[in-house]
Structure formats: C-alpha cells, structure tokens
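First up is the structure itself, then whatever we jot down about it.
Numbering (mature numbering (1 follows the signal peptide of the UniProt record, and there is no 0)), first residue to last: -23 to -1, 1 to 365.
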C-alpha cells in the first residue's frame, strides 16, 4: 500500500487580521498541518463537463503534495468553514452535507459537513444534483445560502450539498468552480458571476499565483484584479475560444529541437488539474523530446525518467501564448511516485479531450495567470524574481 506524507496548510481567518482600508487586498495567514493521505483526485477526468464540448478579495491557496491548491470559504450565517479547490475547469460549488449517507466508501463522512439547521440565512431548494467524473460520481441536492470568500459575502448563492461522493481524499472538502456559467449542467449561477452581479468586485477578473514551494506555502487567488508583486513585464493575453471552458489557443510547444502544435493547439487552462493531459501523439512527442519512456499503469499512460538522471540536464518544455514563451523546467514536470520518476505529461481516454490539451498546475506554477471574465481572455505573465 502506498503511503504519501503530505505537508499541507490550513487557512486561519480572523476579521481583525483583514485590512480592507484604502482598497488593499485581503490577506489571510496560513497554518501548517500534516496529512498522510495521497491526494489523487485533482487528476480527475471531468467527462461530464468536457465530454461535450469596489473590493478585491484574496484567498490563499495550498498545494497538496503537488496535487492541488485549495483555500477556505464560509457558507451560512454564522459561516461554516470549508477548504475547497478553486477550479477553473468546473462551474459549481459543492461541499459535503450533514445529510451525508452512511455507506461504505462514502468519503464525505471524513470531511467537514454543511448543516443547514445551523444557518439563519439558509433557503431550501432540494432539487437533486448529480455530476459525473471520470473517477466516479457525486450526488446530492441544491440549497441556497450566503457564501463568504476572502471576507466578502456573496448573498443567496446556490450550491450543492453532497450526500454521496466518490473517493475524495486530502485536506480539501469540496470544489468552488470558476469556469464560465455555461458549463453548468443545471444552469446554476457561479459564485464569481454572483460576485460581479452584486457589485463586490472592482473588475470581473481573477488571478492565480500557485506557489512553487515544496510545502505549498503562499499561493494566492485574487478576486477582482491582479497583484503586480507576483509578475514582471506585461501579460500575454489570449482570447478564449468560447465562453464555456477557459480554453485558448497555443502558438506552439517546443521541447529541445522538437516543435509541436505549430499551427496552434487548443488548451483548456485548468487550476483543478495537477498535470498536463492531451492527445496521444502530442504527449508522446513531448516525452520523446524529454527522453522519457512509456509506463502504463491503471487508466492512464505515463512516461518515466530513471531517477538517477541528472534532471538539470533535461530540456525545458516551452509553451507559447500570445507571442510570449513560458518555460517549464524539469524540476516542475518530474514527479516522484514510489520508485518511479514520472513526467507530468499524460494521456487519459476518460477525459474525452479530443485534440485538446488540458493544462494544469505543472504549467500554472511557472506563470502568473489572469482570467478576465469580462473580456473573455486569459493573460499569462512571467513570475517576478522575488522570494515568495
């Protein structure tokens, strides 16, 4: 049995610590905690979603063993706290319910649970909710309540109370979707959409800094803008292909002398996915350029490098967006898994990606990313040379 020691950080928030004067960002301290469960869920297949194809709120994020980033929100009055993954690849907000059913492998029992009876602002809806992932299904029902994000209260937010979950490991309790509302199968307004409608943001923009630190400290999601301390130069903006996924077109990908996607490739930019997935031919060519060998295990094809390799000698994998090049060094794309050193470039049939790439945190940790909901575009900028 595999055992992974995960060093993670919970968020501790107190109104006395939040300085909102002069339009300053809300900053929430982090507290360290150790967990020993492997957090594989972030590599999930979102077949149900992708198969068809003036204040600034700031929420710190945490990296779970290079598997995901999460932050704290509150639901209800008084707020009940949950750690959620802020996911640009899905639209809805869901957390475990106190009505979670006591059945085998029902992992919502192992997480914080929303209790409607303890909230004075709860409104019953009761409509059944279902979402299918490549790794399993989630069932529950819809409710309405206030949601606190980074000290800002979003009123009358519809969300799902999960009563049956697939194996949801790790320190995060649920998901807060940040995709476009059109991706919602039940036409539920997203949290970010409601923040815009309720006038809670200066701009219809959010941005991510995903920490490269091994312990995951100091990542941040900013709602309503971007923070110049995290990046240098200008953003390279790329328009989204449709206001459904955060999907854009790459100018190309290069690995040493290997050139891919010279005519452009469609890429879904997904903060809820750890690795980079894509068509078999493209993934094979990237790994050939690295010098990796095929390793088949479970539902996905992986590639590996001998762990005694000098990783500093491996080439960068370079993505081009908006006329700028952004390099992923080997230390960011090699993942140790027991006695294997796997690359972060994988194929997985259950994702139903077609010819698209699914670009996750392997790339996003190397850039500062701005998601412009209003203008329908994504901006990528190079990280600032600061010790964050």
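All C-beta atoms, glycine included, are put in the ideal place defined by N, C-alpha and C.
Own chain partners of residue i with C-beta closer than 6 Å, once the 5 adjacent residues on each side are dropped
i           : result
residue 356 : 212, 214, 347
residue 284 : 318
residue 324 : 257, 260, 278
residue 106 : 117, 118, 119, 137
residue 173 : 181
residue 349 : 182
residue 75  : 90, 92
residue 28  : Bear in mind that the predicted position of residue 28 carries a pLDDT of just 41, short of 50, making it unreliable; the figure below should be weighed with that in mind. 329.
Short Cβ contact (8 Å threshold) for residue i with residue j
i           : j           : result
residue 91  : residue 57  : yes
residue 254 : residue 330 : yes
residue 196 : residue 186 : yes
residue 129 : residue 168 : no
residue 336 : residue 245 : yes
residue 264 : residue 340 : no
residue 50  : residue 62  : no
residue 141 : residue 116 : yes
residue 65  : residue 188 : no
residue 131 : residue 171 : yes
residue 266 : residue 235 : yes
residue 429 : residue 338 : The question about residue 429 has no answer here: the residues shown for the chain are numbered -23 through 365.
residue 243 : residue 333 : yes
residue 206 : residue 358 : no
residue 178 : residue 200 : yes
Residue i classed as buried or exposed, judged by whether at least 16 other C-beta atoms fall within 10 angstroms
i           : result
residue 85  : buried
residue 102 : exposed
residue 351 : exposed
residue 139 : buried
residue 161 : buried
residue 288 : exposed
residue 159 : exposed
residue 48  : buried
residue 262 : buried
residue 250 : buried
residue 224 : buried
residue 248 : buried
residue 176 : exposed
residue 326 : exposed
residue 271 : exposed
residue 42  : With a pLDDT of 47 at residue 42, under the threshold of 50, the predicted position of this residue should be treated as unreliable, though the coordinate-derived value follows. With 16 or more Cβ atoms within 10 Å of its Cβ, residue 42 is classed as buried.
Collapsed DSSP secondary structure at residue i in the structure displayed
i           : result
residue 217 : coil
residue 201 : coil
residue 108 : strand
residue 165 : coil
residue 351 : coil
residue 279 : strand
residue 339 : helix
residue 160 : helix
residue 96  : coil
residue -1  : Reliability of the predicted coordinates at residue -1 is poor, the pLDDT of 40 falling under 50, and the value obtained from them is presented with this limitation in mind. Looking at residue -1 - three-state DSSP - the assignment turns out to be helix.
residue 258 : helix
residue 307 : helix
residue 206 : helix
residue 240 : coil
residue 290 : helix
residue 367 : Here the chain comprises residues numbered -23 to 365, so residue 367 is not present and cannot be evaluated.
residue 265 : helix
residue 76  : coil
residue 141 : strand
residue 211 : strand
residue 326 : helix
residue 86  : helix
8 Å Cβ shell around residue i - same chain, five flanking residues per side excluded
i           : result
residue 300 : 213, 228
residue 297 : 227, 228, 229, 230, 231, 303
residue 164 : 158
residue 241 : 226, 227, 228, 229
residue 78  : 140, 141
residue 237 : 229, 230, 231, 259, 262, 263
Contacting residues, own chain, Cβ-Cβ under 7 Å from residue i (five flanking each side not counted)
i           : result
residue 269 : 280, 281, 282, 320
residue 342 : 187, 189, 309
residue 166 : 135, 158
residue 20  : The predicted model places residue 20 with a pLDDT of 37, which falls under 50 and marks its position as unreliable, so this point remains unresolved.
Contact test: residue i Cβ vs the ligand GTP heavy atom, cutoff 7 Å
i           : result
residue 292 : As presented, the structure is devoid of all ligands, the ligand GTP included, so that no description of it is given.
field: the region 57 to 71 in contact with the region 150 to 160 per 3-pair CB rule at 8 Å
entry: yes
message: With a threshold of 8 Å, are at least 3 pairs of Cβ atoms found where one atom belongs to the region 218 to 225 and the other to the region 301 to 312?
response: no
message: Below 8 Å, how does it come out for the region 231 to 242 and the region 281 to 295: are there three or more Cβ pairs, yes or no?
response: yes
field: Sufficient close CB pairs (3 or more, under 8 Å) joining the region 94 to 108 to the region 118 to 127
entry: yes
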